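If you read the protein sequences in the order shown, they are chains V and A.
First residue of the first sequence? That's 2 in our numbering, and the numbers climb one at a time after it.
First residue of the second sequence? That's 2 in our numbering, and the numbers climb one at a time after it.
For each residue, glycine too, the CB sits at the ideal point set by N, CA and C.
Please read all numbers here as calculations on a predicted model, not as lab measurements.
Here the structure is laid out as structure tokens; the discussion comes afterwards.
Number of protein chains: 2
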Amino acid sequence: MKILFATSNPHKLKEANDVGSGYGIEFVQAKEPYPEIRDEDVGKVAEAGAKYVFERVRQPVVVDDTGLFIDALNGFPGPYSAYVFRKIDSAGVLKLMDGVENRRALFVSAVGFCNGKTVKVFRGECIGTIAKELRGEQIFGYDPIFVPEGCAKTFAEDAVTKERISHRKKSFDAFCRWFLSL
Amino acid sequence: MKILFATSNPHKLKEANDVGSGYGIEFVQAKEPYPEIRDEDVGKVAEAGAKYVFERVRQPVVVDDTGLFIDALNGFPGPYSAYVFRKIDSAGVLKLMDGVENRRALFVSAVGFCNGKTVKVFRGECIGTIAKELRGEQIFGYDPIFVPEGCAKTFAEDAVTKERISHRKKSFDAFCRWFLSL
Numbered sequence: 002m003k004i005l006f007a008t009s010n011p012h013k014l015k016e017a018n019d020v021g022s023g024y025g026i027e028f029v030q031a032k033e034p035y036p037e038i039r040d041e042d043v044g045k046v047a048e049a050g051a052k053y054v055f056e057r058v059r060q061p062v063v064v065d066d067t068g069l070f071i072d073a074l075n076g077f078p079g080p081y082s083a084y085v086f087r088k089i090d091s092a093g094v095l096k097l098m099d100g101v102e103n104r105r106a107l108f109v110s111a112v113g114f115c116n117g118k119t120v121k122v123f124r125g126e127c128i129g130t131i132a133k134e135l136r137g138e139q140i141f142g143y144d145p146i147f148v149p150e151g152c153a154k155t156f157a158e159d160a161v162t163k164e165r166i167s168h169r170k171k172s173f174d175a176f177c178r179w180f181l182s183l
Numbered sequence: 002m003k004i005l006f007a008t009s010n011p012h013k014l015k016e017a018n019d020v021g022s023g024y025g026i027e028f029v030q031a032k033e034p035y036p037e038i039r040d041e042d043v044g045k046v047a048e049a050g051a052k053y054v055f056e057r058v059r060q061p062v063v064v065d066d067t068g069l070f071i072d073a074l075n076g077f078p079g080p081y082s083a084y085v086f087r088k089i090d091s092a093g094v095l096k097l098m099d100g101v102e103n104r105r106a107l108f109v110s111a112v113g114f115c116n117g118k119t120v121k122v123f124r125g126e127c128i129g130t131i132a133k134e135l136r137g138e139q140i141f142g143y144d145p146i147f148v149p150e151g152c153a154k155t156f157a158e159d160a161v162t163k164e165r166i167s168h169r170k171k172s173f174d175a176f177c178r179w180f181l182s183l
């Protein structure tokens with residue numbers, strides 16, 4: 002079964018398909034851009050994005066909005082994680098966290114789905130901490146500074162663990178389970 | 002002459018009226034919220050906001066969108082200046098600038114106007130540098146860390162200079178001149 006995934010990010014597409022393949026679902030990239038509303042809830046951003054893209058492509062579609070919420074920074078960079086990454090990178094976030102003891106952070110992924118009749122949001126969360134330095138290869142976003150709870154390595158150092166327990170794994174799992182039950 | 006100014010920020014309202022009074026224009030606060038589009042151009046955010054509020058209040062209205070664009074941070078916090086301020090404050094921006102030599106920054110204000118027929122944007126800019134520490138009272142946004150070009154004091158330390166040369170002074174001047182010429 003195929004379904005459109007509106008994203009310009011090849012890493013997100015790959016992660017979605019790593020999940021989808023277990024359900025016989027293939028996510029097909031739609032490079033349809035959509036305006037991201039300014040809301041501190043990634044779920045609302047994903048929902049609005051899915052509705053917007055559906056109106057244009059008239060086919061069932063998912064979008065993913067993701068945020069890294071760092072406790073000591075009052076939830077920064079949150080829903081603006083991609084913007085902040087483009088501007089100051091993981092290194093900037095590390096600098097903000099320099100000398101900060103409470104390093105707790107939450108990665109949240111929200112998958113928004115719209116087929117014209119049904120609009121639904123599926124969330125996945127991953128609790129962790131912000132590392133004290135960049136660890137692992139810089140391939141995707143904040144992976145080199147995020148250490149999931151109970152682990153010693155960052156997402157960038159341990160792709161196998163990321164694939165098993167990440168926020169996006171959980172949100173796409175939830176979506177796939179629901180989609181197959183339709 | 003009165004005109005609505007959609008803002009929840011009393012400081013912006015005061016600054017607008019400091020300018021407007023010289024033109025016989027009074028800005029009256031409208032607490033109508035509007036979604037801020039995600040665009041790196043504050044002009045587009047202000048334009049979309051003015052159109053949105055006009056559709057609701059059906060009266061001529063202005064909105065202001067402002068950003069602080071720091072060269073060494075690739076333009077961060079830019080159009081998300083208010084969000085970033087709520088999360089990490091001027092102190093967070095100072096931390097990001099710790100040890101950074103190039104401290105050049107640009108404050109940009111865009112006033113968006115809509116009366117149902119005409120939609121227009123008026124920009125004002127102020128070049129300056131990011132101070133090395135907080136200076137002056139924390140009353141409004143990044144004022145304690147912004148030193149306008151040619152000055153020794155931050156906006157927070159020298160309200161008289163701010164009133165004379167600020168980005169918002171310039172954008173509202175441009176708007177008022179145009180509005181009176183209608």
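- Closest in alpha carbon position to A106 of chain V, among V:V94, V:A175 and V:N10, is V:V94.
- At the C-beta level, P36 of chain A and I38 of chain V come within 8 Å of one another.
- For E27 of chain A, the uninterrupted beta strand (DSSP E) segment begins and ends at E27 to A31.
- The alpha-carbon separation between T8 of chain A and M2 of chain V amounts to approximately 48 Å.
- Note that the C-beta distance between D42 of chain V and S110 of chain V is not below 8 Å.
- Neighbours of G93 of chain V in chain A, taken as residues at a C-beta separation under 9 Å, are given in chain order as L74, F77 and L97.
- When A:V20, A:L5 and A:F6 are compared, the shortest CA-CA separation from K163 of chain A is found for A:V20.
- Buried is the label assigned to D90 of chain A, since at least 16 other Cβ atoms lie within 10 Å of its Cβ.
- P61 of chain V carries a coil assignment under DSSP once its states are collapsed to helix, strand and coil.
- Any Cβ of chain V closer than 8 Å to the Cβ of K88 of chain A would place that residue at the interface, and such an atom is present.
- Counting along the chain, no alpha helix (DSSP H) covers E150 of chain V, and no H or E run does either.
- The beta carbon of E48 of chain A sits closer than 7 Å to those of G113, V120 and V122, all from its chain and outside the five residues before and after it, given in chain order.
- In the pairwise beta carbon analysis, the stretch 127-137 of chain A is classified as not touching the stretch 53-62 of chain A: fewer than three pairs are separated by under 8 Å.
- By DSSP's assignment, S91 of chain A forms no beta bridge with any residue.
- Runs of alpha helix (DSSP H) with 4 or more residues, each lying fully within the stretch 118-163 of chain A, are absent.
- According to the DSSP secondary-structure assignment, K3 of chain V is paired through a beta bridge with V:E27.
- Each of V:A160, V:N103, V:I140 and V:K118 was checked against the Cα of A132 of chain V, and the nearest Cα belongs to V:N103.
- Secondary structure note for L107 of chain V: its beta strand (DSSP E) is the uninterrupted segment R105 to C115.
- Interface flag for E37 of chain A against chain V is set, since a Cβ pair is found closer than 8 Å.
- Judged by beta-carbon spacing, G151 of chain V lies beyond the 8 Å limit of P145 of chain V, meaning their Cβ atoms are not closer than that value.
- In terms of beta-carbon proximity, Y143 of chain A stays away from the interface with chain V, with every pair separated by 8 Å or more.
- Secondary structure note for R178 of chain A: its alpha helix (DSSP H) is the uninterrupted segment H168 to L181.
- G50 of chain V sits buried, since 16 or more C-beta atoms from the chains shown fall within 10 Å of its C-beta.
- For Y24 of chain A, no CB of chain V lies under 8 Å from its own CB, so it is not counted at the interface with that chain.
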